[in-house]
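Heads up, the sequence shown is in our numbering, so the first residue is 2 and it goes up one at a time.
All residues carry an ideal CB built from backbone N, CA and C; glycine is no exception.
This structure is a prediction, so every number in the text was calculated from the model and none was measured.
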Amino acid sequence: MSQDVNQMTEGAGDPLVSPVAEGGTPAAADAPAGGSESVFSGAYRALTLGVILSVSMVAFESLGVATVLPDIAKDLDGLGAYGWGLSALMLANIIGTVVAGRAADRSGPVRSMGIGMLVFAIGCAVAGAAPTWPLFLLGRALQGLGVGAVMSMAYTVIGLAYPENLRARMFALLSSAWTIPSLIGPVIAGTLADFTSWRGVFLLMLPLIAIAALLTLPGLRRIERPAGDAGSSAPAGPWWKSPLAASILLTAGTALLLQALLLKNLVLLVVLALVGIAVAVPTLRQVTPAGTLSLRAGIGAGIGIRFLLCGVYFGSEAFLPLGLQELRGVNASLAGLGLSAGAITWVVGSAWQAKRDGKGNGRTGSVTLGFTILFAGLVVMAAAILVEAIPPLVSIAGWALGGIGMGIGFNAATTDTLEQAPAEQQGLVSGSLQLAQTLATGLISGIGGAAIAMAHQHDSTTRAGLLFTFVITGVLALAGVLVSRRLRPARTA
Numbered sequence: 002m003s004q005d006v007n008q009m010t011e012g013a014g015d016p017l018v019s020p021v022a023e024g025g026t027p028a029a030a031d032a033p034a035g036g037s038e039s040v041f042s043g044a045y046r047a048l049t050l051g052v053i054l055s056v057s058m059v060a061f062e063s064l065g066v067a068t069v070l071p072d073i074a075k076d077l078d079g080l081g082a083y084g085w086g087l088s089a090l091m092l093a094n095i096i097g098t099v100v101a102g103r104a105a106d107r108s109g110p111v112r113s114m115g116i117g118m119l120v121f122a123i124g125c126a127v128a129g130a131a132p133t134w135p136l137f138l139l140g141r142a143l144q145g146l147g148v149g150a151v152m153s154m155a156y157t158v159i160g161l162a163y164p165e166n167l168r169a170r171m172f173a174l175l176s177s178a179w180t181i182p183s184l185i186g187p188v189i190a191g192t193l194a195d196f197t198s199w200r201g202v203f204l205l206m207l208p209l210i211a212i213a214a215l216l217t218l219p220g221l222r223r224i225e226r227p228a229g230d231a232g233s234s235a236p237a238g239p240w241w242k243s244p245l246a247a248s249i250l251l252t253a254g255t256a257l258l259l260q261a262l263l264l265k266n267l268v269l270l271v272v273l274a275l276v277g278i279a280v281a282v283p284t285l286r287q288v289t290p291a292g293t294l295s296l297r298a299g300i301g302a303g304i305g306i307r308f309l310l311c312g313v314y315f316g317s318e319a320f321l322p323l324g325l326q327e328l329r330g331v332n333a334s335l336a337g338l339g340l341s342a343g344a345i346t347w348v349v350g351s352a353w354q355a356k357r358d359g360k361g362n363g364r365t366g367s368v369t370l371g372f373t374i375l376f377a378g379l380v381v382m383a384a385a386i387l388v389e390a391i392p393p394l395v396s397i398a399g400w401a402l403g404g405i406g407m408g409i410g411f412n413a414a415t416t417d418t419l420e421q422a423p424a425e426q427q428g429l430v431s432g433s434l435q436l437a438q439t440l441a442t443g444l445i446s447g448i449g450g451a452a453i454a455m456a457h458q459h460d461s462t463t464r465a466g467l468l469f470t471f472v473i474t475g476v477l478a479l480a481g482v483l484v485s486r487r488l489r490p491a492r493t494a
């Protein structure tokens, strides 16, 4: 994701270099400005297909595991720490994104993508063979390291290799990369869990990862920085001030906070939670652009908006299959349709926003609209899970509505934020956006899992824990409506 960047101008004195090796794909700055070019034209075709395939691979795993996670938790006795099934991946994702983003700024994206895919494959193998919940969580953490690198590089490549007039289209295509996995991922995963074993979901990933690597990595080599400039932005200073050390501290502080929330001893819970916050917050300031924590208008607010969007969407979606299966008696295959509906309509919302972008419309209003629609979808989905008088399948319709809002807001906010980033800091800003996404998902999922665990500890129900979680994500959605006004500094609005 990013380097030590309390100062956004760090490295600004480095000579700007084309992100393309000699003879490779033209950089964004060299691309023709005419309206006839396409992301599938000759100069971009192979790279576009490779990036889309890599994101599709991650999407298939994400939707598949989310569908069968309740079955995994039951089988491995992990319901008491259910939130960690997602938080382990997301917190490890922080390390992957921070290191991969900084490496891309130094030497291009190919190495980060290759290592990320390898670690992702190892994580799938460990999780698929895990005999216990702790070992399963180890596999999820390894997956998170890989996913962080892959997704961070996907967004970095768009900033480096595509001209401004094609970036919105590429962001829409990245959303579209979830379409086929959205249709078949939950169905395949649910069927495996219902009739064979959830382990097949992870083992099925291994050949897909190999194919994605073969098709993606050659295209990435074409935009790698020339070797002579690879070390020009190498960080100076002791190792404990490095991006890796900072990302580990951020992960450790957040993990300590989430684990503290599972403790029964109230005094110990409060003490460890405060320690976790004390470690995580300063480190978060270190690995994100200046102004991020204060939601400064512009890039800082854009990163904050990504946090809020993903906290609402992924933090709620993580508990959709659990709610339908535990409270409404729906099987895994049918519960997975909720995930499919949200992901597919996300594509619809993203495509609508891309078309709106092409007409020169402002993006601040789109982000506000996105949060509003997402909030409405959340209310419908949560009500259908928690209220027995409402048919459970109404939750699928609710989450389809939420997906439209997410597609609109996500596309608009991401495009606008990256357009404000200098070329030499595309890796930094795109990595920080991914960090915001993974941190929000891991944090809100962990808090939701802790709420369910606490409810059971105090003789309450899963329904009470889910109600608390949906209230939290609803508040985040309303906060997003307010923060969206800061997407652009006032002078450039």
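Near residue i, which residues of its chain fall below 7 Å by C-beta distance, leaving aside the five closest residues on each side in sequence?
i	result
residue 173	351, 352, 355 and 412
residue 357	367
residue 375	313, 314, 403, 406, 407, 410 and 478
residue 228	Only weak support is given to the placement of residue 228: the predicted model assigns it a pLDDT of 45, under 50, and the value that follows is read from those uncertain coordinates. Taken in chain order, the list of residues that qualify is empty.
residue 133	77
Comparing alpha-carbon positions, which option in the options lies nearest residue i?
i	options	result
residue 457	264, 60, 124 and 160	264
residue 405	310, 275, 151 and 111	310
residue 343	153, 402 and 293	402
residue 332	69, 294, 483 and 256	69
residue 448	473, 115, 107 and 334	473
residue 330	289, 392, 381 and 295	392
residue 452	465, 441 and 440	465
residue 439	52, 56 and 88	88
residue 335	291, 287, 396 and 151	396
residue 289	207, 103 and 490	103
residue 54	294, 446 and 179	179
residue 216	57, 431, 446 and 441	57
residue 47	220, 100 and 186	220
residue 249	208, 280, 399 and 136	280
residue 188	59, 257 and 67	67
residue 175	345, 43 and 274	345
residue 292	490, 271, 64 and 317	490
residue 39	137, 170, 142 and 120	170
residue 100	399, 136 and 243	243
residue 283	441, 135, 319 and 251	251
Quick one: residues in its chain with C-beta nearer than 8 Å to the C-beta of residue i, no 5 flanking neighbours on either side, listed in chain order?
i	result
residue 522	The chain is shown from 2 up to 494; residue 522 falls before or after that span and cannot be answered.
residue 434	156, 303, 304, 307, 415, 418 and 419
residue 49	40, 41, 171 and 174
residue 256	88, 92 and 277
With DSSP as the reference, label residue i as helix, strand or coil.
i	result
residue 227	Only weak support is given to the placement of residue 227: the predicted model assigns it a pLDDT of 41, under 50, and the question is left unresolved by the model.
residue 388	coil
residue 203	helix
residue 288	coil
residue 148	helix
residue 422	coil
residue 459	coil
residue 209	helix
residue 320	coil
residue 293	coil
residue 376	helix
residue 283	helix
residue 178	coil
residue 332	coil
residue 298	coil
residue 166	helix
residue 76	helix
residue 490	coil
residue 38	coil
residue 416	helix
residue 314	helix
Which whole-angstrom value is the C-beta distance of residue i and residue j, which I expect to be below 8 Å?
i	j	result
residue 414	residue 300	The Cβ separation is near 11 Å, so there is no contact.
residue 387	residue 467	6 Å
residue 115	residue 218	6 Å
residue 45	residue 163	7 Å
residue 79	residue 86	7 Å
residue 205	residue 341	Rounded, the Cβ-Cβ distance is 17 Å, inconsistent with contact.
residue 446	residue 316	6 Å
residue 484	residue 285	Not confirmed; about 17 Å, so no contact.
residue 161	residue 421	Not quite, the Cβ-Cβ distance comes to about 16 Å (not below 8 Å), so this is no contact.
Excluding the 5 residues flanking residue i on each side, which residues of the same chain have their C-beta closer than 6 Å to its C-beta?
i	result
residue 1	There is no way to answer for residue 1, as the model of the chain reaches only from 2 to 494.
residue 477	309, 312 and 313
residue 443	88, 91 and 92
residue 323	71
residue 437	304, 307 and 308
residue 51	216, 217 and 220
residue 471	383
Residue i: beta carbon under 7 Å from a heavy atom of the ligand MN?
i	result
residue 126	In terms of ligand content, the structure shown is empty, and the ligand MN therefore cannot be addressed.
So that I know if they touch, is there some Cβ in chain C lying closer than 8 Å to that of residue i?
i	result
residue 344	No chain C appears in the structure shown, which is made up of a single protein chain.
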